[in-house]
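A quick write-up on the structure given underneath.
In the UniProt record's numbering, the protein residues as written are 1 to 318.
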């Protein structure tokens, strides 16, 4: 049996026995209890009685969770509280989790596993010790740096969900894309971006991000089949093949190479490709304008590198 203090009993003792500090003895604060006894003797009980009434009011208005943290903080009681529903609810409320993001805790666990895997993949053998392939973008190594990265991801996720609830789909996508810049395989970010694109009636991008989430380990296929925010993507003709393929998106092959555009000269070379020579000057100008727009959206973080490539392929094959 756990010696857990009860805040209502403490309030009753303070109200009726506060003149001699009964509430303090009950809470294990013997020193304060003795002090109340001295006050009762030397002030004829007036001061200690007032203090008792004040304590009673404080205990009655104090939340159970706050009372537990202050007065039920022993190891045995703490272990007992961890199994209680109220304790778990309190932990969820103050841990920064978002109620509308049921995958948050699982996603953080997967992110840590992916982080360790990415560090191994980012190292290569040399004649000497292991060293980084890319020195310009170093993976955080200290616990403090890792905590800062996870905190940043949580902040971006919260902002993305808030904008999604406000029907600011473009803003939501922009926040989640910032997460994908840090962790390209983040399951929750990819899934939420897919929902936002479906709401914007852009089914191909929605399916692309569902595919990325599945590749990263998301296996709740029933959620994909029934989630209301993916309804528009599900009514598309290509959805059946997409589902049959295990929710892995397969891009249609085009005559365009996979190299991304870097400068105007490269764009001119691409437009002058032998397969596109039939295009007239007006169509070429429109194509370049669309390509520039896509490039600006990519640089601003509105679309990801994968989405940029997908849209560029569609333009070149149309």
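Cβ coordinates follow ideal geometry from the N, Cα and C atoms, glycine included.
Only a predicted model underlies this, so the values are computations on that prediction, with no experimental measurement involved.
Assumed close pair residue i, residue j - CB separation to whole angstroms, cut-off 8 Å
i	j	result
residue 319	residue 189	Any property of residue 319 remains undetermined from this structure, which presents the chain solely from 1 to 318.
residue 173	residue 196	5 Å
residue 18	residue 51	6 Å
residue 13	residue 26	5 Å
residue 211	residue 249	4 Å
residue 47	residue 39	5 Å
residue 186	residue 160	With 8 Å as the limit, residue 186 and residue 160 do not qualify as a contact, their Cβ atoms being about 11 Å apart.
Per-residue DSSP class, three states only, for residue i
i	result
residue 22	helix
residue 309	helix
residue 290	helix
residue 237	coil
residue 12	helix
residue 29	coil
residue 249	coil
residue 48	helix
residue 216	coil
residue 254	Per-residue confidence for residue 254 stands at a pLDDT of 39, beneath the threshold of 50, marking its modelled position as unreliable; the derived number appears in the next sentence. Note: residue 254 maps to coil in three-state DSSP.
residue 145	helix
residue 153	helix
Counted within 10 angstroms of its Cβ, other Cβ atoms place residue i as buried (16 or more) or exposed
i	result
residue 312	buried
residue 214	buried
residue 345	Given a span of 1 to 318 for the chain in the structure shown, any question on residue 345 remains unanswerable.
residue 219	exposed
residue 241	exposed
residue 152	exposed
residue 338	Lying outside 1 to 318, the shown extent of the chain, residue 338 is not represented and no answer is given.
residue 163	buried
residue 41	exposed
residue 244	exposed
residue 69	exposed
residue 224	buried
Which runs of the alpha helix (DSSP H) at least 4 residues long sit entirely within the stretch 156-198? Give them in chain order.
169-182
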